[in-house]
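Sequence lines, in order, name chains Y and S. Letter by letter, the first sequence follows residues 1 to 106 in full-length UniProt numbering. Letter by letter, the second sequence follows residues 1 to 106 in full-length UniProt numbering. Built from N, CA and C at the ideal position, the CB exists for glycine as well.
Protein chains: 2
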Amino acid sequence: MDDDKVFKALADASRRMLLDRLCERNGQTLGQLCETMDMKRQSVTQHLGLLEQANLISTVRRGREKLHFINPVPLYEVYARWIRKFEEERLNLLHDLKQELERKQT
Amino acid sequence: MDDDKVFKALADASRRMLLDRLCERNGQTLGQLCETMDMKRQSVTQHLGLLEQANLISTVRRGREKLHFINPVPLYEVYARWIRKFEEERLNLLHDLKQELERKQT
DNA sequence: CATACATGCAGGCATTTGCCTGCATGTCAA
DNA sequence: TTGACATGCAGGCAAATGCCTGCATGTATG
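Below, the structure written as structure tokens:
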């Protein structure tokens, strides 16, 4: 997985909205997704392109249409790499803070 | 929580590296963090500023030094809002895909 | 075939981003 | 107090980003 592409893809509100739309109803076409997005079709295409490069969505052509499907795997990997890790450290944080504050002040 | 600030803060490799450094050793000063970052101090300051605005780190002044501590809460909220949600949908995705493909092709 | 429809591709442009340099402020220690 | 150290703040600049317009390609349907 390319961490950077995933995070950069998620860093835009329009792209997160597209993921939400696909979560509500998976497998939508570009045209369908455009209906709920307040921008031109070509801009939506660019956003979907970044999401696809980050492997957050997969596409299937059906005739002249292109269907878009969410791929949750990169999100899970982000969780495993970045979130669960910090969760494990959570209990140590207050201890670290207390220790550090006391280190040079006593 | 401000979703957008958190995602934008995480969208930069340098800022993710800073979080990693703080995960290894919490409560470091700006100067300490600069030692492992290949850029000027002022740039590191900017990155830390964005992380702090996203509430991903908290700071404490100790004399002329400024200590930086990770705050894992926004990460957990990202997980709850964006990752766990899609995880729950995970099992439905293949079903949706199959259904959509069959919808107009039969 | 001819037309309409769904999408692809290229280029322009204003804004944001990330890094820099230069200087100012605040704090410790002799 | 004075000099050294840690950080804060402002402005410049090249690159990346996000949105647009215009046109090209491919596909279904009469």
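Asked                                                                                                   : Found
Distance between beta carbons of Y/Leu18 and Y/Leu33, contact taken as under 8 angstroms                : 6 angstroms
C-beta contact flag for Y/His47 and Y/Arg25 at 8 angstroms                                              : no
Selection of the stretch 11 to 39 of chain S by Cβ proximity to chain Y, strictly under 7 angstroms     : Ala11, Ala13, Cys23, Asn26, Gly27
Y/Val73 vs Y/Leu67 beta-carbon contact at 8 angstroms                                                   : no
Close beta carbons around S/Ser58, own chain, < 6 angstroms, minus the five adjacent residues each side : Phe69, Asn71
DSSP three-state assignment for Y/Thr29, whether helix, strand or coil                                  : strand
Neighbour flag for S/Lys5 against chain Y, beta carbons, 8 angstroms                                    : no
Per-residue burial, S/Ala9 [other beta carbons within 10 Å of its own, 16 or more giving buried]        : buried
Bridge partner(s) assigned by DSSP for Y/Phe69                                                          : Y/Ser58
S/Ser36 - DSSP class collapsed to helix/strand/coil                                                     : Looking at the sequence itself, residue 36 of chain S is Thr, so the reference to Ser does not match. It is coil, neither helix nor strand.
Alpha carbon of Y/Ala11 to alpha carbon of S/Thr29, nearest angstrom                                    : 27 angstroms
Contact set for Y/Thr45: own chain, Cβ-Cβ below 8 angstroms, skip 5 residues either direction           : Leu30
Helix, strand or coil at Y/Arg64 [DSSP, three-state]                                                    : coil
Where Y/Asp12 sits in the DSSP three-state scheme                                                       : coil
Neighbour flag for S/Ile70 against chain Y, beta carbons, 8 angstroms                                   : yes
Endpoints, the alpha helix (DSSP H) within which S/Arg81 is located                                     : From DSSP, S/Arg81 is part of no alpha helix (DSSP H); its letter is neither H nor E.
Three-state secondary structure assigned by DSSP to S/Met1                                              : coil
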